[in-house]
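Contents: one structure, followed by commentary.
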C-alpha cells in the first residue's frame, strides 16, 4: 500500500479519484479506505463510483489508489 497524506497538510488534487480514510482507529466504517472523488473546488468529496452521496466533512487521510484499486 502506498503511503498516505494528511488532508489538511497536503490536500489531494481537485476533481480527482483518491482513496480516503476518516480515522486511523475506531469502527470499520471510519478506518476503511474508501474511493472518493474530490470536487472541482476541493471543498467536498463524493462516493466513487457515484452513488449520489457526498460529504462536506472531508476525510483526515488520503492516498493514491493502488493499481488493483484503480481497476475496480
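In the working numbering, the protein residues as written are -11 to 60. By construction, the Cβ of each residue, glycine as well, lies at the ideal position given by its N, Cα and C atoms.
- The beta carbon of residue 46 is closer than 6 Å to those of -5 in its chain, skipping five residues each way along the sequence.
- About 7 Å separates the Cβ atoms of residue 8 and residue 21, confirming a contact at the 8 Å cut-off.
- By the CB criterion at 8 Å, residue 6 and residue 26 fall inside the cutoff.
- Counting only runs of 3+ residues, the beta strand (DSSP E) found wholly inside the region 1 to 34 occupies 5 to 9, 22 to 26, in chain order.
- Boundaries for residue 36: no beta strand (DSSP E) harbours it, and the DSSP string shows neither H nor E there.
- Straight-line measurement puts the Cα of residue -8 at about 15 Å from the Cα of residue 55.
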